[in-house]
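Residue numbers (our numbering): 141 to 461.
Structure record follows, encoded as structure tokens.
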């Protein structure tokens with residue numbers, strides 16, 4: 141086999157892994173809206189976030205002590221990963237909070253604008269510019285989202301507060317993705333997720349204790365806190381969000397942003413909109429309209445378009461490594 145053939149085969153295999161990671165990310169995030177809604181209906185936002193990070197930390201600890209994964213526990217790693225981790229955690233908080241006032245469909249819409257924000261930030265801070273066709277696909281995606289929102293307002297009430305909070309969460313997520321891209325040469329794909337988990341685990345557990353202390357009954361508060369996971373639905377929802385939607389998706393996004401521009405990596409999140417449109421109505425008894433399906437199809441087309449249409453001279457990080 142010639143060197144050219146070997147290079148082509150390796151490149152194809154690498155592309156399958158990269159884009160496969162994107163589709164897996166979309167699936168996990170799509171179903172996260174369902175689990176997040178379950179947590180939002182039981183207990184407080186703080187309790188939900190604490191349990192999510194408790195499950196993530198427990199899973200990460202098992203992998204670390206069994207040496208399935210390894211990271212450098214140095215100040216350099218934590219300092220470099222801190223910005224991405226903090227914005228990621230802020231995204232999580234806003235997402236859970238926003239879901240208290242909105243449907244899973246609206247949360248999917250808000251999440252879908254992240255690539256647009258990431259495109260602007262990539263151009264401003266990373267000097268990575270989308271080409272004309274990619275911009276066209278993104279504009280079509282935005283118009284699809286606006287159409288879905290306006291038509292949805294006639295079919296069911298939309299919470300301005302909830303949707304606003306979800307938009308803010310999308311901004312935080314886009315900034316986190318940009319930070320992951322910035323640190324791609326300094327950190328491994330596993331180090332940022334571990335830092336996210338450690339900061340979240342310590343921060344939310346301390347916040348929970350302080351919250352119960354302010355209320356004047358730490359013991360009673362802790363009893364109520366642990367009683368939450370006695371509910372099977374709450375237990376599995378928290379475990380899913382902690383293990384798959386904090387730990388696994390953070391690894392996938394860190395990996396993708398190390399191999400391609402952030403605006404391309406984040407476009408895979410739009411696939412979660414289509415998934416939430418299907419999963420939300422089925423599992424949460426929410427109504428779905430024809431225009432939501434049509435707009436979801438347009439979003440999927442835009443995702444594929446932005447992913448595949450690239451400048452000939454832009455080979456991406458994956459080709460260079």
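The beta-carbon is built from N, C-alpha and C at its ideal position, and this holds for glycine as well.
Note that this is a predicted model, so its numbers are computed, not measured.
*Determine, using beta carbons only, whether residue 390 and residue 396 come nearer to each other than 8 Å.*
By one-based count along the chain shown, residue 390 stands at place 250. By one-based count along the chain shown, residue 396 stands at place 256. Their beta carbons are not under 8 Å apart, which means residue 390 does not touch residue 396 by this criterion.
*What residue range is occupied by the uninterrupted alpha helix (DSSP H) comprising residue 355?*
Position 215 of the chain shown, counting from 1, holds the residue named residue 355. First-last of the alpha helix (DSSP H) with residue 355: 331 to 355.
_As assigned by DSSP and simplified to three states, the class of residue 160_ = In the chain shown, residue 160 corresponds to position 20, counting from 1. Residue 160: helix per DSSP, three-state reduction.
*If I'm right that residue 165 touches residue 392 with Cβ under 8 Å, what's the distance once you round it to whole angstroms?*
In the chain shown, counting from the first residue as 1, residue 165 sits at position 25. In the chain shown, counting from the first residue as 1, residue 392 sits at position 252. About 4 Å; that satisfies the 8 Å criterion.
*asked:* Once DSSP output is grouped into helix, strand and coil, what is the label at residue 189?
replied: Your numbering for residue 189 matches position 49 in the chain shown. Residue state, collapsed to three classes: helix.
_For residue 178 and residue 185, I'd like the C-alpha separation in whole angstroms._
Residue 178 sits at position 38 when you count from the first residue of the chain shown. Residue 185 sits at position 45 when you count from the first residue of the chain shown. Going by the C-alpha atoms only, they are around 11 Å apart.
*Starting from residue 267, trace the alpha helix (DSSP H) both ways and give me its first and last residue.*
Walking along the chain shown from the start, residue 267 turns up at place 127. Per DSSP, residue 267 belongs to no alpha helix (DSSP H) and is neither H nor E.
_Rounded C-alpha distance that separates residue 204 from residue 195_ = Here residue 204 is taken as the residue at index 64 of the chain shown, counted from 1. Here residue 195 is taken as the residue at index 55 of the chain shown, counted from 1. Roughly 14 Å separates the two Cα atoms.
*Locate the alpha helix (DSSP H) running through residue 325, then write down its first and last residues.*
For the purposes of this step, residue 325 is identified with residue 185 of the chain shown, where counting begins at 1. Unbroken run through residue 325: none, as it is neither H nor E.
_Enclosing alpha helix (DSSP H) for residue 394 [first to last residue]_ = As a working mapping, residue 394 is identified with position 254 in the chain shown. Where residue 394 is concerned, the enclosing alpha helix (DSSP H) stretches over 389 to 399.
*Are residue 235 and residue 176 closer than 8 Å when you measure CB to CB?*
Counted from its first residue, the chain shown places residue 235 at position 95. Counted from its first residue, the chain shown places residue 176 at position 36. For residue 235 and residue 176, yes; Cβs fall inside 8 Å.
*Start and end residues, alpha helix (DSSP H) containing residue 215*: Within the chain shown, numbered from 1, the residue matching residue 215 stands at position 75. Here the alpha helix (DSSP H) through residue 215 covers 215 to 239.
*Rounded separation between residue 267 and residue 259 - CA only*: Looking up residue 267 in the chain shown gives position 127. Looking up residue 259 in the chain shown gives position 119. Those two C-alpha atoms are separated by around 10 Å.
_At the level of alpha carbons, what is the spacing between residue 275 and residue 265?_
The residue labelled residue 275 in the question sits at position 135 within the chain shown. The residue labelled residue 265 in the question sits at position 125 within the chain shown. Roughly 18 Å separates the two Cα atoms.
*Would you be able to state if there are at least three C-beta pairs under 8 Å between the segment 308 to 320 and the segment 364 to 381?*
no
*Can you give me the start and stop residues for the alpha helix (DSSP H) that residue 358 sits inside?*
The residue you call residue 358 lines up with position 218 of the chain shown. Where residue 358 is concerned, the enclosing alpha helix (DSSP H) stretches over 358 to 367.
_Among 198, 187, 238 and 159, whose alpha-carbon lies nearest the alpha-carbon of residue 305?_
Translated into positions along the chain shown, residue 305 becomes position 165. For the residues 198, 187, 238 and 159, the minimum Cα distance to residue 305 belongs to 238.
*asked:* Quick check: the segment 434 to 445 against the segment 353 to 361, are at least 3 beta-carbon pairs closer than 8 Å?
replied: no
*Who are the near neighbours of residue 256 in its chain, counting only those whose CB is closer than 7 Å to its CB and skipping five residues on each side?*
Taking the chain shown and counting its residues from 1, one reaches residue 256 at position 116. Here the set comprises 278 and 282.
*Any idea what DSSP makes of residue 371, helix, strand or coil?*
In the chain shown, the residue the question calls residue 371 occupies position 231. DSSP places residue 371 in coil when its eight states are reduced to three.
_Whole angstroms are fine: how far does the CA of residue 174 sit from the CA of residue 209?_
One-based indexing of the chain shown puts residue 209 at position 69. One-based indexing of the chain shown puts residue 174 at position 34. Answer to the nearest angstrom: the Cα atoms are 29 Å apart.
*Over the uninterrupted alpha helix (DSSP H) stretch that includes residue 435, give me the two end residues.*
As a working mapping, residue 435 is identified with position 295 in the chain shown. Residues 430 to 448.
*Straight-line CA distance for residue 377 to residue 251?*
One-based indexing of the chain shown puts residue 377 at position 237. One-based indexing of the chain shown puts residue 251 at position 111. Roughly 19 Å separates the two Cα atoms.
*asked:* Mapping the DSSP letters down to three states, classify residue 464 as helix, strand or coil.
replied: Missing from the structure shown is residue 464; the chain here goes from 141 to 461 and no further.
*asked:* Nearest by alpha-carbon distance to residue 307: which of 168, 160 and 233 is it?
replied: Taking the chain shown and counting its residues from 1, one reaches residue 307 at position 167. Closest option to residue 307, Cα to Cα, is 233.
*So, is residue 326 buried or exposed, given that buried needs 16 or more other C-beta atoms within 10 angstroms?*
Counting from 1 along the chain shown, the entry for residue 326 is found at position 186. Exposed is the call here.
*Where the alpha helix (DSSP H) containing residue 403 begins and where it ends*: Locating residue 403 in the chain shown gives position 263, counting from the first residue. Looking at the DSSP string, the run of the alpha helix (DSSP H) that includes residue 403 is 402 to 405.
*Cβ of residue 172 within 8 Å of Cβ of residue 241?*
Here residue 172 refers to the residue found at position 32 of the chain shown. Here residue 241 refers to the residue found at position 101 of the chain shown. It is not a contact, given that the beta carbons lie outside the stated cut-off.
*Based on Cα-Cα distance, which residue from 340, 432 and 400 lies nearest to residue 192?*
Your numbering for residue 192 matches position 52 in the chain shown. Comparing Cα-Cα distances from residue 192 to each of 340, 432 and 400, the minimum goes to 340.
*How many Å lie between residue 155 and residue 412 at the Cα?*
Locating residue 155 in the chain shown gives position 15, counting from the first residue. Locating residue 412 in the chain shown gives position 272, counting from the first residue. Using only the alpha carbons, I get a separation of about 20 Å.
_Length of the line joining the Cα atoms of residue 291 and residue 321_ = Counted from its first residue, the chain shown places residue 291 at position 151. Counted from its first residue, the chain shown places residue 321 at position 181. Straight-line Cα distance between these residues: approximately 36 Å.
*With 16 other CB atoms within 10 Å as the buried threshold, where does residue 443 fall?*
Here residue 443 refers to the residue found at position 303 when the chain shown is read from its first residue. Buried, since its Cβ has 16 or more Cβ neighbours within 10 Å.
*asked:* Assuming residue 261 is part of the alpha helix (DSSP H), what are its boundary residues?
replied: For this step, residue 261 is matched to residue 121 along the chain shown. Taken as a continuous stretch (DSSP letters only), the alpha helix (DSSP H) holding residue 261 covers 254 to 261.
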